[in-house]
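Comments concern the structure below.
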Amino acid sequence: MRRIVVLTSGGDAPGMNAAVRAVVRRALHAGLEVWGARRGYWGLVRWDVQPMDASSVADIIHRGGTVLHTGRCEAFLDATVQERAARRLKEEGVDGVVVIGGDGSLRGALALEARGVAAVGVPGTIDNDLYGTERTIGFDSAVNTVVQAIDKIRDTATAHERTFVVEVMGRQAGFIALHAGLADGAESIILPEVGFEVEGVVERLRRGRERGKLYSIIVVAEGAASGYDVARRLAEYGIEARVTVLGHVQRGGSPSAYDRWLAARLGAAAVDALVAGRHGMMVGVRGEAIVETPLEQVVAARPALDRSIWELAQVLSS
Ligand code: ADP
Ligand code: F6P
Numbered sequence: 010m011r012r013i014v015v016l017t018s019g020g021d022a023p024g025m026n027a028a029v030r031a032v033v034r035r036a037l038h039a040g041l042e043v044w045g046a047r048r049g050y051w052g053l054v055r056w057d058v059q060p061m062d063a064s065s066v067a068d069i070i071h072r073g074g075t076v077l078h079t080g081r082c083e084a085f086l087d088a089t090v091q092e093r094a095a096r097r098l099k100e101e102g103v104d105g106v107v108v109i110g111g112d113g114s115l116r117g118a119l120a121l122e123a124r125g126v127a128a129v130g131v132p133g134t135i136d137n138d139l140y141g142t143e144r145t146i147g148f149d150s151a152v153n154t155v156v157q158a159i160d161k162i163r164d165t166a167t168a169h170e171r172t173f174v175v176e177v178m179g180r181q182a183g184f185i186a187l188h189a190g191l192a193d194g195a196e197s198i199i200l201p202e203v204g205f206e207v208e209g210v211v212e213r214l215r216r217g218r219e220r221g222k223l224y225s226i227i228v229v230a231e232g233a234a235s236g237y238d239v240a241r242r243l244a245e246y247g248i249e250a251r252v253t254v255l256g257h258v259q260r261g262g263s264p265s266a267y268d269r270w271l272a273a274r275l276g277a278a279a280v281d282a283l284v285a286g287r288h289g290m291m292v293g294v295r296g297e298a299i300v301e302t303p304l305e306q307v308v309a310a311r312p313a314l315d316r317s318i319w320e321l322a323q324v325l326s327s
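Put into structure tokens, the structure is as follows:
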């Protein structure tokens, strides 16, 4: 192993910069040359690649976004394009690639691996929806952003004695909604893994009113329903609700201490694995331990959401 490429792909996540830093510095420490590909797989397709030294990743550990920029590169879904990128990597003497991103990005890593390029995935997405790791880089920061936003919404909800529906991201997964909802004491949490039944939400609101609760926060994961749809359904029962769609604010901002910690460990672990000759897998965490899961398994499965946490949230906010 002499030369590696690192790239960030898909939706950016707070902590991606800290992961890039860890990959670059760990690789340099191991005596490797490191190049950064810009805008996700576009960097490989257009060969937009830059050498990275220790100072190129200075002062980024605390910054959101990604200095390498990211991208959704549709062209990379094409087998011919993947083949060309793999050939170019080999011609340029690149021995390994570290891909930092979510599910789609790791499918791209698997495609490279299948074409003879040693690839290692690092889970970077706010959604926490990757099999093979308990946490993805960016999730903790996004949850904290949501919690801070809901704290503010609660102030105005209390002042006006209103019901609010807060829609959060997560694609098809409800992890952001569940964690933020529990941390915020939301009156209802609507998750794709549980399903949306308006009657249940209405019943909880009624019970809350009966015992003097004058405001309510309903957190809905985008994969379950849109915030506006939930409000429309509540209106059918005579309940007026304001809607806040938190949107891309959840992806920005300085990464939390936990995400920096995770990024440092996983970025370094990806390089260590390549140096040791292990690839075709994603590095992840289980508790404090680093674990490796084959990319085929990562893209074929979805992590399970613990329904008992949702039930607990219901109990605590009733
Ligand atoms: P994320 O990585 O956050 O899940 P996307 O699903 O948008 O984000 O995927 C990011 C990029 O990964 C895509 O734009 C594409 O370049 C690449 N990608 C996604 N799916 C595949 C696939 N099946 N094969 C090869 N590359 C893929
Ligand atoms: O995967 C991260 C994520 O922020 C999802 O939670 C969300 O559904 C999606 O990306 C939004 O994508 P875009 O940035 O293309 O609007």
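Residue numbers for the sequence shown follow this note's numbering, so the first one is 10 and each next one is one higher. Each residue gets a CB set at the ideal place from its N, CA and C atoms; glycine is no exception.
Closer than 7 Å: residue i CB and nearest the ligand F6P heavy atom
i    : result
I199 : no
G209 : no
M25  : no
I135 : yes
R180 : yes
R260 : yes
E202 : no
G111 : yes
G194 : no
E305 : no
G19  : yes
E231 : yes
Terminal residues of the alpha helix (DSSP H) in which residue i lies
i    : result
G117 : 112 to 123
A192 : 184 to 193
L321 : 316 to 325
Of the residues the options, the one placed nearest residue i, counting alpha carbons only
i    : options                : result
A279 : A22, V106, P23, W44    : V106
A189 : Q181, T165, I159, T167 : I159
A67  : A28, K99, A95, V90     : A28
V239 : P264, G204, L115, W270 : G204
A250 : L214, G293, D268       : L214
G111 : K99, R124, V131        : V131
G49  : G256, E83, H71, S150   : E83
I198 : Q59, G236, G221, E170  : G236
Q59  : T167, I13, R180        : I13
T167 : G113, I185, K222       : K222
V300 : A234, V129, D268, R216 : V129
T154 : V229, G262, D62        : G262
R180 : L98, G45, D136         : D136
V174 : A95, P201, Y224        : Y224
D268 : V152, E231, A298, T253 : V152
I248 : E122, A266, E208       : E208
V126 : A94, E212, G293        : A94
V211 : V229, L243, A234, Y140 : L243
M291 : A63, A39, E176, R144   : R144
G133 : L271, A285, E92        : L271
S18  : G183, G52, F148, R316  : G52
V108 : G102, D87, G289        : G289
H71  : S265, R311, V284, T302 : S265
V32  : G45, G183, E305        : G45
CB contact check: residue i to chain E, cutoff 8 Å
i    : result
Y140 : Protein chain content of the structure displayed is limited to a single chain, and chain E is not contained in it.
Closer than 7 Å: residue i CB and nearest the ligand ADP heavy atom
i    : result
E92  : no
G117 : yes
E83  : yes
G52  : no
L86  : yes
A272 : no
G293 : no
A120 : yes
G217 : no
S114 : yes
A49  : The sequence given here has Gly at residue 49, not Ala. Result yes, Cβ under 7 Å from the ligand ADP.
Residue i - partner residues in DSSP beta bridges
i    : result
V107 : V15, V129
G293 : V300
F173 : I226, R251
I146 : G133
Limits of the beta strand (DSSP E) - the one that residue i falls within
i   : result
F85 : Per DSSP, F85 belongs to no beta strand (DSSP E) and is neither H nor E.
- Item | In chain order, each alpha helix (DSSP H) run of at least 4 residues that lies wholly inside the region 22 to 75 | 25 to 38, 51 to 54
- Within the region 196 to 277, ranges of the beta strand (DSSP E) (whole runs, at least 3 residues): 197 to 199, 225 to 230, 250 to 254
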